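Protein chains: 2
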Amino acid sequence: MSHSNRTLRLLFPQWQGGNNPAYIFGAKLLDYLSPASTGPREVINVDAPTDDELPLENGIRGRQALLRQLSDAEDAIARHQPERLVVLGGDCLVDLAPFAYLNERYNGELGVLWIDAHPDVMTPKEFDHAHAMVLGNLIGEGDDDFRRHVKTPLKPENVMIAGLGATLPSESEFLDKHGVSSMGPAEIGDDSMAIIDWIEARGIRHLAIHFDLDVLDPSHFRSVLFADPTAPIGSFDGITQGDMNLNSVLRLITDVDTKTDIVGLGITEHLPWDAINLSSVLAKLPLLRSSPSA
Amino acid sequence: MSHSNRTLRLLFPQWQGGNNPAYIFGAKLLDYLSPASTGPREVINVDAPTDDELPLENGIRGRQALLRQLSDAEDAIARHQPERLVVLGGDCLVDLAPFAYLNERYNGELGVLWIDAHPDVMTPKEFDHAHAMVLGNLIGEGDDDFRRHVKTPLKPENVMIAGLGATLPSESEFLDKHGVSSMGPAEIGDDSMAIIDWIEARGIRHLAIHFDLDVLDPSHFRSVLFADPTAPIGSFDGITQGDMNLNSVLRLITDVDTKTDIVGLGITEHLPWDAINLSSVLAKLPLLRSSPSA
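Residue numbers (full-length UniProt numbering), protein chains in the order written: chain V, 1 to 294; chain B, 1 to 294.
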């Protein structure tokens, strides 16, 4: 069956959820790198960064901007009522409106494969970056302003976190309490059988996939936060980093594609440092820069 | 004075000089990352890679394709007779026709700042990749088929190699014999004074700059050959790698820009592995791939 005219592609260059304007460039380059869309496409406008620090609003950086962008994404999706959604982020929080929509559309029975080194179930008590809270919100937990946008929370037992690394005590407690499943790279294995067994055991008929690029080993895929070449040594000490590679993620997604109907795909946290830094230098070079004297 | 309408921009996605089709993607992305051109622009067509190995022809891989592309670049430049040239490569050999043209135009007095970890003065006796021979050809040495395209060879004493790393005995011998100057990153220093002194001592009025991205430290800028994440460990043992960073190259170019007239700028050897690999995966993902079933 042809999906193309029922698949909405959302370009969502949100940066406030990770408080890093580099996500804007990352989203645009991700769009450039993606096959052209044959269906409808919406671009969510995000506030441009300013010289001022993003305000900390009741425990969340950029709360008002994030909520406004969340509403805009909901409106864009409502205009199309798509069967399927592709989301090109932007920080992880871009998947909040799309996955909430999909779970409503599929009667609260949506399965979610959350491919991520982190569970994204924090609350403002632990951290002020909302991109670390999005899966918690989708399950109906966390900050009221965000979770109230999720009309039909995901069934926690329909969520599988793949590629999960070491978790903090508060994260482990959340996953245990709600019965969210997870597997590290070794458990996924070479044939994805453990994930396929979970899909079949849960009877998942419609699946949304969140692919956070920071599930990838930053020594092999360097376009992620932890591979920032300008970060001082030790900047990310104690923070869990990814351990998968691009081909193993591709294989996992391809394997589950044969077992269930993939209705959502979000790709997030693209921070292409080389392209960002090179582009900035090219803009200043003689014969290339656009200035009155060039 | 306004240069824009006298500056020709050449997009030259040549890959055969380094026998690596990834240069095609690298050139296109370099073009995407560059400020839009306000003047004329030419794209040199290059043969697409095939499943067959690039033929070794009388000591040089892809000799016939390279010579055909060299002629095409000459023709494109001849159509415009520009005062200034920007070249977006492609492998290092892309600067052969442009720099030969500029030296003719500026009466054999062109200065060349060759920002590169390698001197590019090999011959087919040492290696079969023509991108390692281009500066030798510009000085009038090396393979006859290539050097005969250089009507007015560069004065070797008008060439400065900046960022040069350890050289092979045959390379050191060439540089000594011809009197080509070079400086490593430490000699260039923070104020570029040694290079500026050389420009003034040589009376360089028109300067072309070759910026081989592999002059950059591959642990900080990963879009170069030596940072290929799929290369087996030890692949580049014994091969000189870059030791500069983007900002120090920008500073050097900005410094010399105040002292002489920059008439040429070639940027080469862009191999953006993350973008190449991610793009390849995106093309295969459900909801993104363009296939009969998507």
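Even for Gly, the Cβ is constructed at its ideal location relative to N, Cα and C. Keep in mind that this is a model prediction, so the values were computed, not measured.
Cβ-Cβ separation, residue j to residue i (assumed contact under 8 Å), whole Å
i             : j             : result
residue 8/B   : residue 113/B : No, residue 8/B and residue 113/B are not in contact; Cβ-Cβ is about 20 Å, not under 8 Å.
residue 259/B : residue 199/B : 5 Å
residue 116/V : residue 212/V : 4 Å
residue 97/V  : residue 138/V : Not a contact, Cβ separation roughly 10 Å.
residue 141/V : residue 148/V : About 12 Å separates the two Cβ atoms, so there is no contact after all.
Residue nearest to residue i in terms of C-alpha spacing, selected from the options
i             : options                       : result
residue 78/B  : 175/B, 109/B, 286/B and 42/B  : 42/B
residue 155/B : 143/B, 104/B and 127/B        : 104/B
residue 28/B  : 275/V, 223/V, 260/V and 238/V : 275/V
residue 248/V : 248/B, 51/B, 278/B and 266/B  : 278/B
residue 57/V  : 145/V, 290/V, 102/V and 231/V : 145/V
residue 268/B : 220/B, 215/B, 236/B and 178/B : 215/B
residue 26/B  : 14/B, 35/B and 210/B          : 14/B
residue 194/V : 175/V, 176/V, 163/V and 174/V : 163/V
residue 102/B : 39/B, 210/B and 55/B          : 210/B
residue 68/B  : 46/B, 51/B and 50/B           : 46/B
residue 254/B : 190/B, 22/B and 236/B         : 190/B
Residue i Cβ short of 7 Å to the ligand SAM heavy atom set
i             : result
residue 284/B : What this structure holds is no ligand at all, so the ligand SAM is not there to describe.
Residue j beta carbon less than 8 Å from that of residue i
i             : j             : result
residue 111/V : residue 196/V : no
residue 161/V : residue 134/V : no
residue 252/B : residue 192/B : yes
residue 123/B : residue 95/B  : no
residue 207/V : residue 150/V : no
residue 264/V : residue 99/V  : yes
residue 60/V  : residue 128/V : yes
residue 44/B  : residue 76/B  : yes
residue 121/B : residue 171/B : yes
residue 167/B : residue 218/B : no
residue 165/V : residue 241/V : yes
residue 152/B : residue 108/B : yes
residue 35/B  : residue 290/V : yes
residue 250/V : residue 284/B : yes
Spatial neighbours of residue i in its chain, beta-carbon cut-off 8 Å, leaving aside the 5 residues before and after
i             : result
residue 293/V : Confidence at residue 293/V is low in this model, with a pLDDT of 43, below 50, so its placement is unreliable and the value that follows should be read with caution. Within the same chain, residue 293/V has no close Cβ partners at all.
residue 20/V  : 91, 225 and 271
residue 261/V : 205, 206 and 207
residue 106/V : 205, 206 and 263
residue 33/B  : none
residue 80/B  : 8, 40 and 42
Close-in-space but distant-in-sequence residues of the same chain around residue i (CB under 6 Å, 5 per side omitted)
i             : result
residue 31/V  : 11 and 88
residue 73/V  : 44 and 97
residue 4/V   : Residue placement at residue 4/V is flagged as unreliable, the pLDDT there being 47, under the threshold of 50; a coordinate-derived value is accordingly withheld.
residue 266/V : 87, 95 and 210
residue 182/V : 161 and 164
residue 220/B : 245
Residues near residue i in its chain [Cβ-Cβ closer than 7 Å; skip 5 each side]
i             : result
residue 273/B : 222, 223, 227, 228 and 229
residue 17/B  : 66, 91, 92, 93, 129, 130 and 131
residue 282/V : 288
residue 82/V  : 6, 7 and 8
residue 202/B : 111, 157 and 158
residue 1/V   : Here the model assigns residue 1/V a pLDDT of 41, short of 50, so the residue's position is not dependable, and the following value carries that caveat. Counting only Cβ-Cβ distances below 7 Å, and skipping sequence neighbours, we find nothing.
residue 54/V  : 16, 19, 61 and 62
residue 126/B : 170
residue 178/B : 139 and 156
8 Å Cβ cutoff, residue i in contact with chain D
i             : result
residue 289/B : Included in the structure are the protein chains V and B, with no chain D among them.
**Asked** What alpha helix (DSSP H) runs, 4 residues minimum, are completely inside the stretch 214–279 of chain V?
**Response** Listed in chain order, they are 246–257.
**Request:** Enumerate, from N- to C-terminal direction, the unbroken beta strand (DSSP E) stretches of 3 or more residues contained entirely within the stretch 21–53 of chain B.
**Result:** Within the stretch 21–53 of chain B, the complete beta strand (DSSP E) runs of at least 3 residues are 41–43.
**Asked** At what residue ranges does the stretch 149–212 of chain V contain a whole run of the beta strand (DSSP E), taking only runs of 3 or more?
**Response** Entirely contained in the stretch 149–212 of chain V, the beta strand (DSSP E) runs reaching 3 residues are, in chain order, 159–162, 181–183 and 206–212.
**Message:** Restricting to runs no shorter than 4 residues, where is the alpha helix (DSSP H) found entirely within the stretch 87–127 of chain B?
**Reply:** Here the runs fully enclosed are 96–105.
**Request:** Pick out the complete beta strand (DSSP E) segments inside the stretch 58–90 of chain V, 3 residues or longer, and give them in chain order.
**Result:** Segments of the beta strand (DSSP E) lying fully in the stretch 58–90 of chain V: 84–89.
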